[in-house]
Amino acid sequence: MLALDAATLAAYVAAAGALILVPGQDTLVVLTGGLASRAEGVGAAVGVGVGVLVHATAAALGLAAIYRAFPTAATAVTLLGAAYLCWLAVDTLRGDGPASTSEAADPARADGGADAGTAAGFRRGLLTNVANPKVALFFLAFLPGFAGEGETATTVALGAVYALLTVAYLGVVGALAGRIGGVLSGRTARAVRVASAAVLVALAATLVVRVA
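If you count the sequence shown from 1, position 163 lands on 166 in my numbering, and the numbers rise without skipping.
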């Protein structure tokens, strides 16, 4: 149960909403998945939301403090995250175009591939978010300001609220990207994939530079 008054909770929701709207690598992964298919984009949004909940729980249990006490651990996780972003870039380039294009031409294929697309998107969103130690540090700094130090249950509950807000926003982003991907021509879709892959690699490079 949230040990917060209505005004504090409202302030938290407003602050969380503003932070969620700031584009980052989670948004990019959802957009990239959405261009492949609407199911994959929405799945990625849910994966990010679950990742947020994992980080919030870790912060509540004090596990995120390990990153502050042992910078080497944070560096290792950051490098793993950068490697994963590069893998996503390669995987994005290997695609022939948004899956929704072929699904539109073959409804049976769309029905059969929706679950696989959702699962693939979920894995991408979850791993990308969980592998980012900066998210853990963010929650370690952000949540106690509203929940208070040592308030484990309240911290987890606020993390759940943040996760729900994240899924709501990124789910819309993923669904809209899916609609856009469905109307792109093959050449345009390929250009979008190349651009997405380039941004993923740039994000990976940024992570490596920060820990170098």
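Beta carbons: idealized from backbone N, C-alpha and C, even for Gly.
Here the structure is a predicted model, which means the values were calculated and not measured.
Status (buried if at least 16 other CB within 10 Å, exposed otherwise) for Arg41:
buried
Kindly indicate which three-state DSSP category Pro26 falls into: helix, strand or coil?
coil
Which one of Val80, Ala119 and Ala86 has the shortest CA to CA distance from Ala208?
Ala86
Taking 8 angstroms as the threshold (C-beta atoms), are Leu34 and Ala180 in contact?
yes
By the three-class DSSP mapping on this structure, what secondary structure does Asp118 have?
helix
Is the beta carbon of Gly128 less than 8 angstroms from the beta carbon of Gly46?
yes
May I ask you to report which of helix, strand or coil DSSP gives Ala134?
coil
When the Cα of Leu56 is compared with those of Gly184, Ala76 and Tyr165, which residue comes out closest?
Tyr165
For Ala48, tell me which candidate among Ala119, Arg126 and Ala61 has the shortest Cα-Cα distance.
Arg126
Rounded distance between the beta-carbons of Gly50 and Gly177, thought under 8 angstroms:
Not really, about 10 angstroms apart at Cβ, beyond 8 angstroms.
Classification of Thr169 by the beta-carbon crowding that lies within 10 angstroms, buried from 16 upward:
buried
In whole angstroms, what is the alpha-carbon distance linking Phe219 and Ala79?
The displayed coordinates of the chain run from 4 to 215. Any statement about residue 219 would go beyond what the structure contains.
Could you name the residues of the same chain whose beta carbon sits closer than 6 angstroms to that of Ala200, not counting the 5 residues immediately before and after it, in chain order?
Ala92, Thr95 and Leu96
Would you kindly check if the distance between the Cβ of Leu167 and the Cβ of Gly27 is under 8 angstroms?
no
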